[in-house]
Amino acid sequence: MGEESSNSLQGEEREAVQRQLEEIVSEFEALGGRLRTLHSSLPVSPREDIMLLGEEDPDFPCVVRGAIECALDDHLRIVTETLLTAARSEAK
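The working numbering puts the first residue of the sequence shown at 37, with every later residue one more than the last.
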């Protein structure tokens, strides 16, 4: 059990993988910034509350704003956190 696995990455190989993961996370964060900029540029309908309650069909900006919020909160944040956790892992 004390022997290291032949599949284990050490030294420079491990650091290269960590750097690549961190670069990928940076790219995801940049995409998140672009999505936030797009989100803030979209008009908010004065009837958005009613649309979000399902009492009225949502307009295009409402659909896009909702999709961006979902992508940022439910997906992109989780992906970046997961990849960063892996990059910083102390596992052998």
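Glycine is no exception: its CB is placed at the ideal position from the N, C-alpha and C atoms.
Keep in mind that this is a model prediction, so the values were computed, not measured.
The stretch 79-93 makes no contact with the stretch 106-122, as fewer than three CB pairs between them are under 8 Å. Around the Cβ of Arg101, a 10 Å sphere holds 16 or more other Cβ atoms; the residue is buried. Straight-line spacing of the CA atoms in Ala103 and Ala127 works out to 36 Å.
Taken through DSSP and simplified to helix, strand or coil, Asp95 comes out as coil. Shown here for Ala123: same chain residues with a beta carbon closer than 6 Å to its own, the five before and five after excluded, namely Gln54, Leu57 and Glu58 in chain order. Only exposed fits Cys106, as fewer than 16 other CB atoms lie within 10 angstroms of its CB. Between Leu71 and Leu108, the C-beta gap is smaller than 8 Å, which places the two residues in contact. Boundaries cannot be given for Asp109, as no alpha helix (DSSP H) includes it and DSSP labels it neither H nor E.
Distance from the CA atom of Gly47 to the CA atom of Thr118, rounded to whole angstroms, is 22 Å.
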